Each structure stands twice: as C-alpha cells, then as structure tokens.
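Working notes, structure below.
Numbering (the working numbering), first residue to last: 636 to 780.
See below:
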C-alpha cells in the first residue's frame with residue numbers, strides 16, 4: 636500500500652473543490668469536486684458526494700457520484716458506490732455495493748480534467764477551496780445522499 640500523504644478524519648465536513656497529489660485518505664464527509672494525481676482512499680466513515688477524477692480510487696466508505704480513474708477503482712467489502720465508473724480495472728469485493736454503470740477501458744484524462752498543481756510544487760500538498768468545519772452532530776449527514 637502507498638504511503639498516505641494526507642488524511643481527514645471522521646469529525647470533519649469538507650465542502651468545495653479538493654485537488655491533491657499523492658495518496659489522500661478521506662474518512663470524513665465531503666461534498667464538491669475531487670481531482671487527483673494520485674490515489675483517493677475513502678475510509679469506512681467517509682461519505683463523499685462528488686464526481687471524482689483521479690489515478691486510483693479505493694472505497695471503504697460511501698461514494699455518491701461518478702468516478703473516472705486512469706488506473707483502477709476498488710470497492711472493498713464495506714464500500715458503497717452509487718454512480719458510474721470508467722477505469723481500466725474495476726474490483727468489487729464480496730459484500731461491497733455498486734449501483735451504476737461500469738466501463739472498463741484505458742482512460743485518458745482530458746486537459747480540462749487534469750488538476751492544476753502548479754500552485755503546489757511540493758509532493759503531498761493539498762489545495763482546498765471551500766469550507767472546512769467541525770461536525771457538530773453525527774445526525775447531520777448530507778441530506779442529498
């Protein structure tokens with residue numbers, strides 16, 4: 636497994652645009668857009684309401700949105716994906732939930748989909764545009780999901 640360069644825990648709610656490189660573990664609630672030059676890991680407590688463009692995506696939590704991955708998408712036994720997947724390799728483990736369409740072929744990100752990482756010259760730098768707030772109640776989840 637790759638070294639995790641960034642992590643957001645279960646007590647955090649993020650909203651906005653997330654752009655990163657390296658490996659990012661989101662074990663929180665997130666709504667917005669995600670672009671990655673690296674691996675996104677959605678932790679068991681993660682609840683993501685976003686389309687995702689990246690290299691690889693591993694889901695142990697919930698993803699509501701489409702996934703476009705250049706290398707692979709893995710949905711582990713606790714993972715749930717509600718949306719379409721485009722990736723050369725898609726792995727759905729026993730116990731996982733996947734509701735959507737799946738297209739397995741080589742994926743080339745268009746220029747518009749590639750994240751602009753020119754602002755972050757250091758590996759593992761995370762750019763967040765939007766709001767970060769502490770979760771006040773576990774009852775308050777994304778109503779749209």
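Backbone N, C-alpha and C fix where the C-beta goes; we use that ideal spot for every residue, glycine too.
Quick caveat: nothing in here was measured; it's all calculated off a predicted structure.
Checklist entry - Relative to the alpha-carbon of residue 645, which residue among 681, 639, 654 has its alpha-carbon at the smallest distance? => result 681
Item to check | Three-state secondary structure assigned by DSSP to residue 719 | outcome: coil
Checklist entry - Grouping DSSP H, G and I as helix and E and B as strand, with all else coil, what is residue 741? => result coil
Item to check | Of the residues 720, 696, 651, the one placed nearest residue 689, counting alpha carbons only | outcome: 720
Next on the checklist: Quick check: the Cα distance between residue 710 and residue 668, rounded to an integer number of angstroms?
Outcome noted: 20 angstroms
Next on the checklist: Just list the residues that DSSP pairs residue 691 with in beta bridges.
Outcome noted: 674, 707
Item to check | Contact set for residue 757: own chain, Cβ-Cβ below 7 angstroms, skip 5 residues either direction | outcome: Caution applies to residue 757, whose pLDDT of 35 falls short of 50 and renders its modelled position unreliable; the value that the coordinates give is listed next. Within the same chain, residue 757 has no close Cβ partners at all.
Checklist entry - If we count the other Cβ atoms within 10 Å of its Cβ and call it buried at 16 or more, is residue 660 buried or exposed? => result buried
Next on the checklist: Taking a contact to mean a Cβ-Cβ separation below 7 angstroms, would you say residue 679 touches residue 696 in this structure?
Outcome noted: yes
Next on the checklist: Less than 6 angstroms between C-beta atoms, sequence neighbours within five positions excluded: which residues of the same chain meet that for residue 708?
Outcome noted: 692, 702, 720, 722, 725
Checklist entry - Nearest to residue 641 by alpha carbon, out of 673, 727, 666, 717? => result 673
Next on the checklist: Does residue 747 pass the burial test, meaning 16 or more other C-beta atoms within 10 Å, or should it be called exposed?
Outcome noted: Because residue 747 sits at a pLDDT of 48, beneath the cut-off of 50, its placement in the model cannot be relied upon, and the following sentence gives the value as read from the coordinates. It is exposed - the Cβ of residue 747 has fewer than 16 other Cβ atoms within 10 Å.
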